[in-house]
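Peer 1: The sequence shown runs 12 to 407 under this note's numbering.
The beta carbon of each residue, even a glycine, is placed where N, CA and C say it ideally should be.
Please read these numbers as outputs of a predicted model, since none were measured by experiment.
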Amino acid sequence: MKIAIIGGGISAFAAAISAAKNNDVTILEKNSKVLKKLLLTGNGKCNYFNTDQDISHYHTNSDIDIKEIVNSENIDKVKAFWAYLGIVPFIKNGYYYPYSETASSMKEALVFKAKYSGVNIITDCDITNIVKENDKFHITSDNYQDTFDKVIIATGSYAYPITGSTGFGYDVAKSFGHTINNVNPSLVQLVTNLGIEAKWNGVRHHAIITDLNTKKSEEGEIQLTSFGISGICVFNLSRDIAIGLSKSIKESVSINFAPWCNDMLDFLNKRSINFPKRSIMSLCESFINYKLLSAILKFLKISEDSTWNELNTQEQENLAQALTNFQIEIVGTKDYNSSQVCSGGLNLAEINLNTLESKKVPNLYFCGEVLDLDGDCGGYNITIAILTGILAGESC
Ligand SMILES: Cc1cc2nc3c(=O)[nH]c(=O)nc-3n(C[C@H](O)[C@H](O)[C@H](O)COP(=O)(O)OP(=O)(O)OC[C@H]3O[C@@H](n4cnc5c(N)ncnc54)[C@H](O)[C@@H]3O)c2cc1C
Numbered sequence: 012m013k014i015a016i017i018g019g020g021i022s023a024f025a026a027a028i029s030a031a032k033n034n035d036v037t038i039l040e041k042n043s044k045v046l047k048k049l050l051l052t053g054n055g056k057c058n059y060f061n062t063d064q065d066i067s068h069y070h071t072n073s074d075i076d077i078k079e080i081v082n083s084e085n086i087d088k089v090k091a092f093w094a095y096l097g098i099v100p101f102i103k104n105g106y107y108y109p110y111s112e113t114a115s116s117m118k119e120a121l122v123f124k125a126k127y128s129g130v131n132i133i134t135d136c137d138i139t140n141i142v143k144e145n146d147k148f149h150i151t152s153d154n155y156q157d158t159f160d161k162v163i164i165a166t167g168s169y170a171y172p173i174t175g176s177t178g179f180g181y182d183v184a185k186s187f188g189h190t191i192n193n194v195n196p197s198l199v200q201l202v203t204n205l206g207i208e209a210k211w212n213g214v215r216h217h218a219i220i221t222d223l224n225t226k227k228s229e230e231g232e233i234q235l236t237s238f239g240i241s242g243i244c245v246f247n248l249s250r251d252i253a254i255g256l257s258k259s260i261k262e263s264v265s266i267n268f269a270p271w272c273n274d275m276l277d278f279l280n281k282r283s284i285n286f287p288k289r290s291i292m293s294l295c296e297s298f299i300n301y302k303l304l305s306a307i308l309k310f311l312k313i314s315e316d317s318t319w320n321e322l323n324t325q326e327q328e329n330l331a332q333a334l335t336n337f338q339i340e341i342v343g344t345k346d347y348n349s350s351q352v353c354s355g356g357l358n359l360a361e362i363n364l365n366t367l368e369s370k371k372v373p374n375l376y377f378c379g380e381v382l383d384l385d386g387d388c389g390g391y392n393i394t395i396a397i398l399t400g401i402l403a404g405e406s407c
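1) For the alpha helix (DSSP H) containing D222, list its first residue and its last residue.
2) Examine the Cβ distances between the stretch 23 to 42 and the stretch 159 to 167 and report whether three or more of them are shorter than 8 Å.
3) Which partner residues does K47 have in the DSSP bridge list?
4) Measuring alpha carbon to alpha carbon, tell me which of C57, S83, K47 and D182 ends up nearest K173.
5) In terms of residues, what are the limits of the alpha helix (DSSP H) holding Y181?
6) Using 8 Å as the threshold, is the C-beta distance between L223 and G343 below it?
7) Using beta-carbon positions only, say whether I393 and L384 come within less than 8 Å of one another.
8) I'd like the list of long-range same chain contacts for N363, defined as Cβ closer than 7 Å, with 5 residues on each side in sequence excluded.
9) Closest to N140 by CA distance: which of G129, L39, N82 and L205 is it?
10) Quick one: using the 10 Å Cβ neighbour count with 16 as the cut-off for buried, is D277 buried or exposed?
11) With three or more C-beta pairs closer than 8 Å as the rule, is the stretch 132 to 152 touching the stretch 350 to 362?
12) Flag this pair as yes or no: are the beta carbons of E208 and G239 separated by less than 8 Å?
13) Can you tell me the Cα-Cα spacing of S197 and I252, whole angstroms?
14) Given 7 Å as the limit, tell me if G356 has its C-beta closer than that to any heavy atom belonging to ligand 3.
15) For a quick check, are the C-beta atoms of E315 and L322 less than 8 Å apart?
16) Where does R250 land, buried or exposed, given buried means 16+ other C-beta within 10 angstroms?
17) Can you have a look at I66 and say buried or exposed, based on whether 16 or more other CB atoms are within 10 angstroms of its CB?
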């Protein structure tokens, strides 16, 4: 069988390597080089897998049981795939990286195996049209045209369009009668409008952050920026928040900057007895970053030079609350240019979850981020790309 894979990203390579055993496979990539996004993953180190494969790390808005696709049998296929490629893992707190700690080594392994398996890779080929006539798919770009028996759409989502993923797969799916479930940025920075962002810009602080609508909490390093908040713990809450904002739901988070402290008011009262003359800044500087504290005091309209005892009861309670339960409204998210992935995509109920073949159009397959399937930070999205690529490729 002659198979075209549209897109030369991570899922495409898993599909191509899996399909090449029995078929004549061609990858068609619009960029001059394949796997552009892969090189950016994990800050250039590529976090490709995670020990913790709890199903709660995977998400879809489609009306299916997600375990039909993300299950231990398919996760084992992903592990076997990386072993087949010869990747030696470096595992840090359950996060898998190649031992070389370079994403380029993952690219090398994928490209080598694809070429070794006989996959034809064509770059600078921006596919603009796919039509099916007489059981054959006719594929065209400005500089290319050919006819195939089967097509796998592996064009990604809208996330990080600079890498080539600009949503083409959604258009193809729609042109073949499929539904695209609402697409939103995910694993993305959150925007606030507190008037103190310039003051806390650049601070990194260990905290617990809680989505006040879903009550979901994440603990880790929060990055305070000139526009709002960022960091892995923020990214992992951003999916639900972006979806809520798209429906005009008010979104807020609570940040606990001192998870070690059960009762901040009591703690500060006792501390001020030991250090009665210290200003608030001096009293708190050993447990909270001074730039962050300065921003919080500005927000609360409390003078940095006041001592604890000079504050009135309300001000004391406000400060204790802000340090452990700082409730802030999220007014937006950064856009697709900054989001690592997208939530939403091709409705999974419209494809066969064992083969990833369209239920509407025989011999048309989808894999990777074009699907309505996304994961948390921590290697889960590359796992989805590889898992779905393998299923689509194997079933060809
Ligand atoms: C900065 C960043 C860091 C990330 N870090 C991690 C991480 O550490 N771990 C993790 O699990 N996930 C990470 N991700 C997410 C992960 O990279 C993606 O989920 C994954 O790449 C999706 O794979 P894909 O094959 O579906 O799409 P992509 O890898 O985006 O590939 C799609 C390809 O299709 C091509 N294409 C699109 N339209 C056309 C067309 N019309 N014609 C021809 N070609 C076309 C594009 O140029 C692109 O090369 C990160 C993402 C970003 C942006």
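Peer 2: Taking the structure as given:
1) Sequence index remark: in the sequence shown, residue 222 carries index 211 (1-based). Under the DSSP assignment, D222 falls outside any alpha helix (DSSP H), being part of the beta strand (DSSP E) whose first and last residues are R215 to D222.
2) The stretch 23 to 42 makes contact with the stretch 159 to 167; the number of CB pairs closer than 8 Å reaches 3 or more.
3) As a first step, residue 47 must be located in the sequence shown, where it is residue number 36. As DSSP reads the structure, K47 sits in no beta bridge.
4) As a first step, residue 173 must be located in the sequence shown, where it is residue number 162. The sequence given here has Ile at residue 173, not Lys. The shortest Cα separation from I173 among C57, S83, K47 and D182 belongs to K47.
5) On the sequence shown, position 170 is the one that residue 181 refers to. Element bounds for Y181: F179 to S186.
6) Against the sequence shown, residue 223 aligns to sequence position 212. Against the sequence shown, residue 343 aligns to sequence position 332. No, Cβ-Cβ distance for L223 and G343 is not below 8 Å.
7) Working through the sequence shown from its first residue, we reach residue 393 at position 382. Working through the sequence shown from its first residue, we reach residue 384 at position 373. Their beta carbons are not under 8 Å apart, which means I393 does not touch L384 by this criterion.
8) As a working mapping, residue 363 is identified with position 352 in the sequence shown. Hits under 7 Å: K370.
9) For the purposes of this step, residue 140 is identified with residue 129 of the sequence shown, where counting begins at 1. From the listed residues G129, L39, N82 and L205, the smallest Cα separation to N140 is found for L39.
10) As a first step, residue 277 is located in the sequence shown; it is residue number 266 there, counting from the start. Exposed: under 16 other Cβ atoms inside 10 Å.
11) Short answer: they don't touch.
12) The residue labelled residue 208 in the question sits at position 197 within the sequence shown. The residue labelled residue 239 in the question sits at position 228 within the sequence shown. Closer than 8 Å, so yes.
13) Residue 197 sits at position 186 when you count from the first residue of the sequence shown. Residue 252 sits at position 241 when you count from the first residue of the sequence shown. Going by C-alpha positions, S197 is about 9 Å away from I252.
14) No copy of ligand 3 appears in this structure; the ligands present are ligand 1.
15) Numbered from its first residue, the sequence shown carries residue 315 at position 304. Numbered from its first residue, the sequence shown carries residue 322 at position 311. It is not a contact, given that the beta carbons lie outside the stated cut-off.
16) For this step, residue 250 is matched to residue 239 along the sequence shown. It counts as buried.
17) Position 55 of the sequence shown, counted from the start, is the residue given in the question as residue 66. By the neighbour-count rule (16 or more Cβ atoms within 10 Å), I66 is not buried but exposed.
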